[in-house]
Amino acid sequence: MTKLTQSASVIRDDFERNHDQLHAVVGGRHNNPFSILGLHSSGSSRVVRVFQPTAKSVVLVDANGETLCAMERVLPEGLFIAPMPPRLRRYQLKLSFPDGNRIIAEDSYRFPPTLGDLDLYLMGEGSDKKIYQKLGAHLRTIEGVAGVRFAVWAPNASRVSVIGDFNNWDGRSHVMRLHPGNGIWEIFVPHIGNGCKYKYELLDRNGKLLPLKTDPYGAYHEPPPGNASIVFDSNYEWSDGDWISLRSSGTDLAQPVSIYEVHLGSWKRKCDNGNGLLSYRELATELVNYVQDMGFTHVEFLPVTEHPFDGSWGYQPIGLFAPTQRFGNPDDFRYLVDRCHDAGIGVIVDWVPAHFPRDEHGLGRFDGTA
Numbered sequence: 045m046t047k048l049t050q051s052a053s054v055i056r057d058d059f060e061r062n063h064d065q066l067h068a069v070v071g072g073r074h075n076n077p078f079s080i081l082g083l084h085s086s087g088s089s090r091v092v093r094v095f096q097p098t099a100k101s102v103v104l105v106d107a108n109g110e111t112l113c114a115m116e117r118v119l120p121e122g123l124f125i126a127p128m129p130p131r132l133r134r135y136q137l138k139l140s141f142p143d144g145n146r147i148i149a150e151d152s153y154r155f156p157p158t159l160g161d162l163d164l165y166l167m168g169e170g171s172d173k174k175i176y177q178k179l180g181a182h183l184r185t186i187e188g189v190a191g192v193r194f195a196v197w198a199p200n201a202s203r204v205s206v207i208g209d210f211n212n213w214d215g216r217s218h219v220m221r222l223h224p225g226n227g228i229w230e231i232f233v234p235h236i237g238n239g240c241k242y243k244y245e246l247l248d249r250n251g252k253l254l255p256l257k258t259d260p261y262g263a264y265h266e267p268p269p270g271n272a273s274i275v276f277d278s279n280y281e282w283s284d285g286d287w288i289s290l291r292s293s294g295t296d297l298a299q300p301v302s303i304y305e306v307h308l309g310s311w312k313r314k315c316d317n318g319n320g321l322l323s324y325r326e327l328a329t330e331l332v333n334y335v336q337d338m339g340f341t342h343v344e345f346l347p348v349t350e351h352p353f354d355g356s357w358g359y360q361p362i363g364l365f366a367p368t369q370r371f372g373n374p375d376d377f378r379y380l381v382d383r384c385h386d387a388g389i390g391v392i393v394d395w396v397p398a399h400f401p402r403d404e405h406g407l408g409r410f411d412g413t414a
């Protein structure tokens with residue numbers, strides 16, 4: 045048997061052995077694609093299986109970009125299989141598209157889980173005090189490859205995918221890995237980064253497609269009507285070390301407190317832009333100067349987390365870990381807090397986790413349950 049016919053035999057046997065699972069992948073019904081996509085043993089051989097619905101052809105290449113073999117399209121929807129040479133574990137994909145564009149890409153399904161046993165234990169126990177560092181979208185470099193790790197809690201979903209411009213908003217392309225012990229879904233998506241827009245696509249426990257959801261732990265959101273979450277990697281450098289040291293010492297507890305409560309959107313307006321709102325950075329000058337001149341020791345912001353209704357005061361939040369985009373980005377908000385501290389003004393933020401609106405892209409029936 046020639047090498048070519050041997051490869052064809054391996055692919056044929058693998059396809060027949062995994063026929064139902066592969067059809068579930070291309071149909072968006074497979075709830076554990078890491079068990080079938082990527083590098084796996086198949087009989088006495090090893091194969092790589094990838095789902096690339098927009099690719100015209102896929103070539104398997106090694107870590108240096110050297111061609112290993114052309115992958116065979118086994119399903120017209122874009123499911124490709126190729127045998128993997130012995131001993132090699134790392135591979136890349138050379139993708140060719142109908143418009144003539146070609147790229148070399150990493151495969152999300154070749155990467156290991158990004159959340160460790162301790163992470164999962166603490167999240168399951170409800171005792172992780174920095175869970176926002178685990179859930180949401182975070183820039184990571186894994187095995188030398190830069191990308192974004194997405195993680196979300198949806199214990200009653202039968203399938204969760206992350207979608208965005210990077211996969212043509214196709215929920216079949218990046219189905220996430222479920223950690224069944226606590227309902228956390230996660231995936232590492234290579235080659236994307238800061239500014240990437242994304243949402244989650246979920247099926248409920250009965251396989252019904254739910255409305256697309258923004259990320260409950262997202263750091264930044266786009267305005268309506270898009271309502272996508274945005275990957276945001278902060279590079280802000282704080283300058284409030286003196287304030288933090290004073291607060292930690294407890295010496296300020298003996299001083300009188302006077303709090304100025306303010307709604308940032310209605311405190312002051314201007315007429316030279318479309319919505320009349322002052323930005324976080326403009327407030328860092330005008331509001332801070334006012335509060336300082338009036339002799340207040342603290343400023344209390346009415347809710348500044350992301351919320352859908354412009355007419356509200358922010359008490360119906362959707363993004364509880366994202367300062368609203370109405371006044372700027374998260375680093376602009378950090379700048380406002382920093383300037384308050386530089387002026388000796390403490391900051392109190394109204395944070396409202398007790399209730400949220402019915403907007404379908406938010407927390408209501410997030411995974412199909414209330």
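As numbered in our numbering, residues 45 to 414 make up the sequence shown, in order.
The beta carbon of each residue, even a glycine, is placed where N, CA and C say it ideally should be.
Fair warning: this is a prediction, and the values are worked out from it, not measured in the lab.
For Val396, three-class secondary structure by DSSP
Reduced to three states, the DSSP call for Val396 is coil.
Through-space distance from Cys315 to Asp172, alpha-carbon basis:
45 Å
Cβ shell of Val396 (< 6 Å), same chain only, five flanking positions each side left out
Pro347, Tyr359 and Pro361
Return helix, strand or coil for Thr46, following the three-state DSSP convention.
Any reading at Thr46 needs caution, since the residue's pLDDT is 49, under 50, leaving its predicted position unreliable; the model's value is listed next. Here DSSP, grouped into helix, strand and coil, assigns Thr46 to coil.
What does Pro234 pair with, by DSSP beta-bridge criteria?
Gly191
Scan the region 97 to 122 and note each continuous alpha helix (DSSP H) run of 4 residues or more that stays entirely inside, going in chain order.
none
Can you give the Cα-Cα distance for Asn145 and Phe95, rounded to whole angstroms?
When the Cα atoms are used, Asn145 and Phe95 turn out to be separated by approximately 18 Å.
Unbroken beta strand (DSSP E) run spanning Arg221, endpoints
Arg221 to His223
Cβ of Tyr264 within 8 Å of Cβ of Pro374?
In this structure, Pro374 lies closer than 8 Å to Tyr264 by Cβ.
Could you give the distance in angstroms between the alpha-carbon of Ser89 and the alpha-carbon of His351?
Spanning the alpha carbons of Ser89 and His351 requires a straight line of approximately 52 Å.
Comparing alpha-carbon positions, which option in Phe377, Ile231, Asn200 and Pro255 lies nearest Asn279?
Phe377
Is Trp282 helix, strand or coil by DSSP?
Coil at Trp282, not helix or strand.
Counted within 10 angstroms of its Cβ, other Cβ atoms place Met115 as buried (16 or more) or exposed
buried
N- and C-terminal bounds of the alpha helix (DSSP H) containing Tyr379:
Pro374 to Asp386
Whole angstroms is fine: what's the gap from Val103's alpha carbon to Gly87's?
Computed Cα separation, rounded: 22 Å.
Taking DSSP as the reference, what is the three-state secondary structure of Ala201?
coil
Alpha carbon to alpha carbon, how far is Pro157 from Asn271?
Here the C-alpha atom of Pro157 lies approximately 28 Å from the C-alpha atom of Asn271.
Go through its chain and collect everything with a Cβ distance to Ile231's Cβ below 7 Å, but skip five positions before and after it.
Ser152, Phe194, Val206, His218, Met220 and Arg221
Taking the CB atoms as reference points, tell me whether Gly262 and Ala181 lie closer together than 8 Å.
yes
Presumed contact (8 Å Cβ cut-off) between Trp229 and Val196, rounded CB distance
5 Å
Verify whether the separation of the beta carbon atoms of Val70 and Leu123 is less than 8 Å.
yes
Of all the alpha helix (DSSP H) runs that stay within the bounds of the region 248 to 310, which reach a length of 4 or more residues?
As far as the region 248 to 310 is concerned, its whole alpha helix (DSSP H) runs of at least 4 residues are 285 to 293.
Could you check the C-alpha separation between Asn226 and Val204 for me, to the nearest Å?
CA-CA distance, Asn226 to Val204, rounds to 14 Å.
Just the Cα atoms here: how many angstroms apart are Glu409 and Phe365?
The sequence shown places Arg at residue 409, not Glu. Straight-line Cα distance between these residues: approximately 19 Å.
Out of Leu247, Val343, Ser292 and Pro267, which one is the CA nearest neighbour of Gly372?
Pro267
Gln136 (DSSP reduced to helix, strand or coil)
strand
With a Cβ-Cβ cutoff of 8 Å, do Arg61 and Ile80 count as a contact?
no
Can you check DSSP and say which residues form a bridge with Ile13?
Summary: the structure shown does not reach residue 13, with the chain confined to residues 45 through 414, and so no result is reported for it.
Does the Cβ-Cβ distance between Val275 and Tyr242 come in under 8 Å?
For Val275 and Tyr242, yes; Cβs fall inside 8 Å.
Between which two residues does the alpha helix (DSSP H) carrying Gly71 extend?
Unbroken run through Gly71: none, as it is neither H nor E.
If we ignore side chains and look at the alpha-carbon of each, how far apart do Trp287 and Pro300 end up?
17 Å
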